[in-house]
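A.B. asks: One line per chain: the protein sequences are Z, S and H, in this order.
Position one of the first sequence corresponds to residue 1 (the working numbering), numbered consecutively onward.
Position one of the second sequence corresponds to residue 1001 (the working numbering), numbered consecutively onward.
Position one of the third sequence corresponds to residue 2001 (the working numbering), numbered consecutively onward.
Okay, handing you the structure first.
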Amino acid sequence: MSAAHTLGAIAERFGLRLVGGDPALRIDGVATLADANAAQIGFLANPRYRGQLATAGAAAIVVREADAEGNPRPSLIAPDPYVAFARIGALFEKQPAATPGVHPSAVVAPTAHIAAGASVGAFCVVEDGARIDDGAFVGPHCVIGRDCVVGAQSRLVARVTLVQDVRLGRRVLIHPGAVLGADGFGIAFERDHWIKVPQLGGVVVGDDCEIGANTTIDRGALGDTVLEDDVRLDNQIQVAHNVRIGAHSALAGCAAVAGSATIGRYCLIGGGAGIVGHISVADRVTVTAMSLVTHSIHEPGEYSSGTPIQPNRQWRRNAARFKHLDDIARRLGVAEKEKKP
Amino acid sequence: MSAAHTLGAIAERFGLRLVGGDPALRIDGVATLADANAAQIGFLANPRYRGQLATAGAAAIVVREADAEGNPRPSLIAPDPYVAFARIGALFEKQPAATPGVHPSAVVAPTAHIAAGASVGAFCVVEDGARIDDGAFVGPHCVIGRDCVVGAQSRLVARVTLVQDVRLGRRVLIHPGAVLGADGFGIAFERDHWIKVPQLGGVVVGDDCEIGANTTIDRGALGDTVLEDDVRLDNQIQVAHNVRIGAHSALAGCAAVAGSATIGRYCLIGGGAGIVGHISVADRVTVTAMSLVTHSIHEPGEYSSGTPIQPNRQWRRNAARFKHLDDIARRLGVAEKEKKP
Amino acid sequence: MSAAHTLGAIAERFGLRLVGGDPALRIDGVATLADANAAQIGFLANPRYRGQLATAGAAAIVVREADAEGNPRPSLIAPDPYVAFARIGALFEKQPAATPGVHPSAVVAPTAHIAAGASVGAFCVVEDGARIDDGAFVGPHCVIGRDCVVGAQSRLVARVTLVQDVRLGRRVLIHPGAVLGADGFGIAFERDHWIKVPQLGGVVVGDDCEIGANTTIDRGALGDTVLEDDVRLDNQIQVAHNVRIGAHSALAGCAAVAGSATIGRYCLIGGGAGIVGHISVADRVTVTAMSLVTHSIHEPGEYSSGTPIQPNRQWRRNAARFKHLDDIARRLGVAEKEKKP
């Protein structure tokens, strides 16, 4: 917990208008609208929680202009309360102590370079030719493989594996269990068995990216797998070799992108969605949860596949009929204009 | 392998009726119906394997009353043979040696508290304010982050990461690669880029929960992500921030639950199924494999989405027609009573 | 980078016919058709890149006989350019130094056996009764649990966990974060709560298998989970207890196979596809991405489920109609011959 903040100082710092509260009031945290007490700031970002205003006990509530009137507590008026919450909440994050230096248990190769201001935790392994830049934090149990780069101010929370030839930009945040730079899945079939296709490329991650727990990003076969700046990946995502993800795109948990697919900028890929290999997705495309993108998408917009959830008995009847759908369409004489799914 | 057990002692211990065998016979293990030898106990839990009774060679077979007559071998009669198998099989588990104490290679912060009867393995890192209670087993390569609690008799097999503010109940079992307490996926869009929304909550796991290999459970944004007692999670599951899963619910491999969703008690979520964010699922709901739940479910029962597996040529024809389904329905004059999926 | 290779030596070594180049030319690497420079070999394996031949700058290009005429650069003619690429590329892999011996930081149980020619990396834990055979490479942070076997020439890149009773064949390659031999998901419902079903079996992995990053393969409940020879698993795959996968089958990222399912030989399972438990899939079956196999497949061929991706507005209309599909079929008098999905 950092030093004390007053309501007035918070309003001033983030350019919010304070309506009806005591600027000198000491604030010691943030909380949900339902839970915030008289020393905490609450938030109304999602209109579905508007009903909770009446019983709220917060020191003040961050609201849009339009919601200030319905707020019986003091208001901090923000154009986007969710963004304001992000800013205010950051004041109350417990900052882990990141003492610069290398933990005595770490194993560091002689040809690795660790900046004086970087922090390398217990049981880390830093291999030949790796470089860890100033202000970077490498938590316990990380493996920084050969010729990898951890850019300045980047933070590997714990147990992150950079296998080989992975270059992280600045301020990259990676959560535990993530594996970057493992071999892509390249196999060639020769007569009656598989042979491995060497994976010789690397992974390049731009500035300000975030990579979730247990997410995997494979190295390229030839050339690199690339995340441009400000790409945000949730947990358990799979990014295959030679994928390129454009700046400011965000992928929700368990999404998967197959080899050599290209995703544009400002895309939103829903949880569990799949993108097949060797296709491209335009900028500003949204794919809803668990949809499968099987061909290139050239226009911005929202895309979906799948069928609605139903009680199983009804679903079974309908699903069985799916097998007759072409037959049904033929009986009705529906044209086959677009037969290829 | 623990001390010897006789057929009679096993019958008595678990309240099973022995029909036709020698109570003094030494039993040295359990096996499948097909594989069990004359010193092992076999089981008939799933009726589809009834045909294997004729050739079985087991010392005795655990069966329902109704199957005893068709069993040419001695019977151990149980109301639920699968439950009886669980109990008898546990006698023959190889118990790993869990010597109390801290492995000399572990790195333990001065403010951490490890009970005298707890076991902490090689290369563990235990951070400030963490607490490991009596009888807990923390296997090699675990990270127990700041202010985490490992409850009494809990067992972290190996390489489990508790990032921060994770509180485990008693007798919790966690398999390797699981990550609890990583930041939830909170990002707010500001003009032309993302800013991170601080994740300030924790994870609370009730008594008797089991969490599979490489499963991830994120900490809450504000408030906690909660698993009530006796929740059972398979491998590679993703539980997002502020999810709540009710007591005695079980989720199969690769299921995913998005932020702030609430799942009731005694639910069964199939493999690869998805639950979108901010919805609630009632008690005693079953969701079949790879279904996507896109809205709240208020009634117990079984729910599904998806289409049946078919040979690709037939599937392609039907899938192409899915795009004309609204057109087909209109031609037939089907009412649009329920248009929103 | 290994010693220098000439164009002529490469042609001879892999039985390729060189047309139009200088056999004495020194080659220092491989690259994509677009990127290869005058000292690198390029490839044309996928016809969609044929247009790049005109501007290619490679020392030589590996092509099929039929593409040699359209190649303005020297040709290396191969029956299967992708296989030839795999072979040639392997010459230019950076070979990590695998010095035999055990890193001084590793913790090795007295009853473990490590061959003199094996390499065990920093912070590895090798438990009682484990065996690591000659020429095996066990990278940093691996846990080789009780009674596990790492076969000769196998390579565990880093941070691989073999929990217990896992036996790897020869030349098995496993990427970071993979967990083999964790307990299968066995729970039995007793009155009002779950009890754990002991998992007593192991995992057997044949020769020449590859297992991707963060993939999980559970030990059998009774008997073993088995991968036959030359099985290839991508990242983030879940293989449940007692599954058997036939030789030469390949599974793409995020696929999942539920308990006791059997997959034949030479199968191809697409990314994110699911196979439910207790069914069998014949040899030479292909399942397309994100399809769910809910019943046994007895014939070779390609199988699919799901619906096509569409713009969300159109998809919503069609998806809503899916709920009326049985009604639609009835109105048309379509027979219900095959009602069970």
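Beta carbons: idealized from backbone N, C-alpha and C, even for Gly.
Output needed in chain order: residues of the segment 75 to 91 of chain Z with a Cβ under 8 Å from some Cβ in chain S.
C.D. replies: Listed by position along the chain: Asp80, Tyr82, Val83, Phe85, Ala86, Arg87, Gly89, Ala90.
A.B. asks: Nearest-angstrom Cα distance between alanine 2152(H) and phenylalanine 2137(H)?
C.D. replies: Roughly 9 Å separates the two Cα atoms.
A.B. asks: Where valine 1163(S) and arginine 170(Z) are concerned, what is the direct C-alpha to C-alpha distance, given to the nearest angstrom?
C.D. replies: Answer to the nearest angstrom: the Cα atoms are 22 Å apart.
A.B. asks: Helix, strand or coil for lysine 1339(S) per DSSP?
C.D. replies: Reliability of the predicted coordinates at lysine 1339(S) is poor, the pLDDT of 46 falling under 50, and no value is obtained from them.
A.B. asks: Look up alanine 1152(S) in the DSSP assignment and say whether it is helix, strand or coil.
C.D. replies: Coil, per DSSP.
A.B. asks: Any contact of the segment 2301 to 2317 of chain H with the segment 302 to 315 of chain Z, i.e. 3+ C-beta pairs under 8 Å?
C.D. replies: Segments in contact, yes.
A.B. asks: At the 8 Å Cβ level, is lysine 1094(S) part of the contact set with chain Z, yes or no?
C.D. replies: Taking Cβ atoms only, chain Z never reaches closer than 8 Å to lysine 1094(S), which makes this a no.
A.B. asks: With respect to the alpha helix (DSSP H) encompassing tyrosine 2082(H), which residues constitute its N-terminal and C-terminal limits?
C.D. replies: Counting along the chain, the alpha helix (DSSP H) containing tyrosine 2082(H) begins and ends at 2081 to 2091.
A.B. asks: Quick check: is any heavy atom of the ligand PLP less than 7 Å from the C-beta of alanine 31(Z)?
C.D. replies: Judged by which ligands are present, the structure shown has none, so any question about the ligand PLP falls away.
A.B. asks: Nearest CA to the CA of valine 1157(S): which residue from Leu1168(S), His1175(S), Arg1146(S), Arg1167(S)?
C.D. replies: The candidate whose alpha carbon is nearest that of valine 1157(S) is His1175(S).
A.B. asks: Where does threonine 2055(H) fall in DSSP's three states?
C.D. replies: Reduced to three states, the DSSP call for threonine 2055(H) is helix.
A.B. asks: Determine the DSSP secondary structure at glutamate 1065(S), reduced to helix, strand or coil.
C.D. replies: Correct three-state label for glutamate 1065(S): helix.
A.B. asks: Could you pull out every residue in the same chain whose Cβ sits closer than 7 Å to the Cβ of cysteine 2049(H), ignoring the five residues on either side in sequence?
C.D. replies: Note that residue 2049(H) is tyrosine in the sequence shown here, rather than cysteine. Result list for tyrosine 2049(H): Leu2033, in chain order.
A.B. asks: For proline 300(Z) and valine 285(Z), I'd like the C-alpha separation in whole angstroms.
C.D. replies: If I take the Cα positions, the gap works out to 5 Å.
A.B. asks: Note down, in chain order, every chain H residue with its Cβ under 9 Å from the Cβ of aspartate 1067(S).
C.D. replies: The contacting residues do not exist; aspartate 1067(S) stays about 17 Å from chain H at best.
A.B. asks: Between glycine 145(Z) and valine 276(Z), what straight-line distance do the alpha-carbon atoms span, to the nearest angstrom?
C.D. replies: Rounded to whole angstroms, glycine 145(Z) to valine 276(Z) spans 29 Å at the Cα level.
A.B. asks: Cβ closer than 8 Å: which chain H residues qualify as neighbours of alanine 1182(S)?
C.D. replies: In chain order: nothing, as chain H lies at least about 14 Å away.
A.B. asks: Just to confirm my understanding: we take isoleucine 2297(H), look at its own chain, exclude 5 residues before and 5 after, and list those with CB closer than 7 Å. What are they?
C.D. replies: If we look at isoleucine 2297(H) and ignore the five residues flanking it on each side, its Cβ neighbours are Val2281, Ala2282, Val2285, Tyr2303.
A.B. asks: Leaving aside the five residues before and after glycine 2089(H) along the sequence, list all residues of the same chain whose C-beta is less than 6 Å from its C-beta, in chain order.
C.D. replies: Val2030, listed in sequence order.
A.B. asks: State the Cα-Cα distance for the pair alanine 2011(H) and glycine 202(Z), rounded to the nearest angstrom.
C.D. replies: Using only the alpha carbons, I get a separation of about 27 Å.
A.B. asks: I need the straight-line Cα distance from glutamate 210(Z) to glycine 1184(S), nearest angstrom please.
C.D. replies: Taking the straight line from one Cα to the other gives about 11 Å.
A.B. asks: Please classify proline 23(Z) as buried or exposed, where buried requires at least 16 other C-beta atoms within 10 Å of its C-beta.
C.D. replies: Proline 23(Z) should be labelled exposed.
A.B. asks: If the cut-off is 8 Å on Cβ atoms, which residues from the segment 1004 to 1022 of chain S count as contacting chain H, listed in chain order?
C.D. replies: The segment 1004 to 1022 of chain S vs chain H, Cβ under 8 Å: nothing.
A.B. asks: Any beta-carbon of chain Z closer than 8 Å to the one on glycine 1333(S)?
C.D. replies: With 8 Å as the cut-off, glycine 1333(S) does not count as an interface residue toward chain Z.
A.B. asks: Could you tell me if threonine 2161(H) is buried or exposed, where buried requires 16 or more neighbouring beta carbons within 10 angstroms of its beta carbon?
C.D. replies: With 16 or more Cβ atoms within 10 Å of its Cβ, threonine 2161(H) is classed as buried.
A.B. asks: Taking buried to mean at least 16 other C-beta atoms within 10 Å of its own C-beta, is glutamate 1072(S) buried or exposed?
C.D. replies: Sequence check: residue 1072(S) is proline here, not glutamate. Classification for proline 1072(S): exposed.
A.B. asks: Any beta carbon from chain Z within less than 8 Å of leucine 1292(S)'s own beta carbon?
C.D. replies: Yes - at least one Cβ of chain Z is within 8 Å of the one on leucine 1292(S).
A.B. asks: Under three-state DSSP, which class holds alanine 1118(S)?
C.D. replies: Residue state, collapsed to three classes: coil.
A.B. asks: Can you pull the chain H residues whose beta carbon is under 8 Å from the beta carbon of aspartate 218(Z), in chain order?
C.D. replies: Simply Ala2213, Asn2235.
A.B. asks: Under 8 Å between C-beta atoms, does glycine 1253(S) make it to chain Z?
C.D. replies: Chain Z contact via Cβ: absent.
A.B. asks: Verify whether the separation of the beta carbon atoms of valine 1172(S) and valine 1226(S) is less than 8 Å.
C.D. replies: Cβ atoms of valine 1172(S) and valine 1226(S): not closer than 8 Å.
A.B. asks: Using the rule of at least 16 other Cβ atoms within 10 Å of the residue's Cβ for burial, across every protein chain shown, is arginine 1313(S) buried or exposed?
C.D. replies: Label assigned to arginine 1313(S): exposed.
A.B. asks: What do you reckon, are the CB atoms on alanine 2252(H) and isoleucine 2279(H) nearer than 8 Å?
C.D. replies: Not closer than 8 Å, so no.
A.B. asks: Which one or two residues does DSSP pair with aspartate 1218(S) in a beta bridge?
C.D. replies: DSSP lists Ala1182(S) as partners of aspartate 1218(S).
A.B. asks: When Cβ atoms are compared, which residues of the segment 314 to 327 of chain Z fall closer than 8 Å to chain H?
C.D. replies: Cβ contacts with chain H come from Gln314, Arg316, Arg317, Asn318, Ala319, Ala320, Arg321, Phe322, Lys323, His324, Leu325, Asp327.
A.B. asks: Kindly say whether leucine 1025(S), judged by its beta-carbon, lies nearer than 8 Å to any beta-carbon of chain Z.
C.D. replies: No, leucine 1025(S) does not count as interfacial toward chain Z.
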